[in-house]
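Following: one structure in C-alpha cells, then a few remarks.
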Amino acid sequence: MNPPDIAVDLSVWQLFSNAHIVVKIVMIGLLAVSVWSWAIILEKFFLFAKTRKETDKFEQVFWSGQSLEELYQALAQRRNTGMAALFVAAMREWKRSLERDAGKPMPGVQLRVDKVPPGAYLGSNQSDGDDRAATRDDRSGNLDAVS
Numbered sequence: 023m024n025p026p027d028i029a030v031d032l033s034v035w036q037l038f039s040n041a042h043i044v045v046k047i048v049m050i051g052l053l054a055v056s057v058w059s060w061a062i063i064l065e066k067f068f069l070f071a072k073t074r075k076e077t078d079k080f081e082q083v084f085w086s087g088q089s090l091e092e093l094y095q096a097l098a099q100r101r102n103t104g105m106a107a108l109f110v111a112a113m114r115e116w117k118r119s120l121e122r123d124a125g126k127p128m129p130g131v132q133l134r135v136d137k138v139p140p141g142a143y144l145g146s147n148q149s150d151g152d153d154r155a156a157t158r159d160d161r162s163g164n165l166d167a168v169s
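Given below as C-alpha cells:
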C-alpha cells in the first residue's frame with residue numbers, strides 16, 4: 023500500500039506564509055539584522071581599504087627623504103587622518119617641548135625618545151627591504167632617519 027501522493031509546496035514563500043505569527047516576526051527580525059550586519063561589514067571593509075590607501079600614501083611620502091620639517095609644514099595646513107594626523111600631533115608636541123625649554127625637550131618627551139631602542143623600525147616597510155631605522159642624535163635629542 024503506497025501513501026497517496028500529496029503535493030506539498032516547500033518554497034520559502036509558502037513556508038513563510040503558513041508559519042505562525044511569532045515565527046514570522048522572528049524571521050523578519052533575523053532578515054533585518056542580517057541586512058544591517060552586512061551593511062556594517064561592507065562599511066568597515068571600505069573604511070579599512072581607504073585607511074590602508076591613506077597609510078601607504080603617507081608612508082611613501084614619509085620615507086621619501088623629504089625633511090620632517092617640510093613634511094610637517096605641508097601636513098599641518100590641512101585636515102589629516104590616520105598616521106598623518108598622528109605625525110602632525112607628535113611633531114607639534116615635539117616643537118612645543120623644544121620651545122618651552124629653549125631647545126631642550128621636556129623630560130617626559132625626552133624619556134619617550136630615550137625608550138626607542140637603537141635600530142627600531144618606524145614603519146611597516148620591513149617587508150620592502152627598507153633598512154631605514156630611527157636613531158637619536160645624543161647631542162640634540164633629535165630623531166633622524168638613517169639609510
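For the sequence shown, the numbering used here assigns the number 23 to the initial residue and increments by one for each residue that follows.
Quick reminder that beta carbons are idealized off the backbone N, C-alpha and C, glycines included.
Note that the structure is a prediction, hence the values are computed from the model and not measured.
Your pair F80 and M113 does not check out as a contact, with CB atoms roughly 13 Å apart and the cut at 8 Å.
Rounded to whole angstroms, the separation of the alpha carbons of L90 and R74 is 22 Å. A residue is called buried when at least 16 other Cβ atoms come within 10 angstroms of its Cβ; F84 meets this threshold and is buried.
Judged by their CB atoms, Y94 and F109 are nearer to each other than the 9 Å cut-off. Here M49 really is in contact with F38; their C-beta atoms are around 6 Å apart, less than 8 Å. Rounded to whole angstroms, E121 and A111 show a C-alpha spacing of 15 Å. Judged by DSSP in its simplified three-state form, N102 adopts coil rather than helix or strand. In the structure shown, L32 adopts coil according to DSSP, grouped into three states.
According to the DSSP assignment, W60 belongs to the alpha helix (DSSP H) that extends over 43 to 84.
In this structure, T103 lies away from E65, with their beta-carbon atoms at least 9 Å apart. Taking the Cα positions, A29 is about 16 Å away from W35. Taking C-alpha positions only, W60 is separated from Q99 by approximately 37 Å. Residue burial is scored here from C-beta neighbours: W58 has fewer than 16 other C-beta atoms within 10 angstroms and is therefore classed as exposed.
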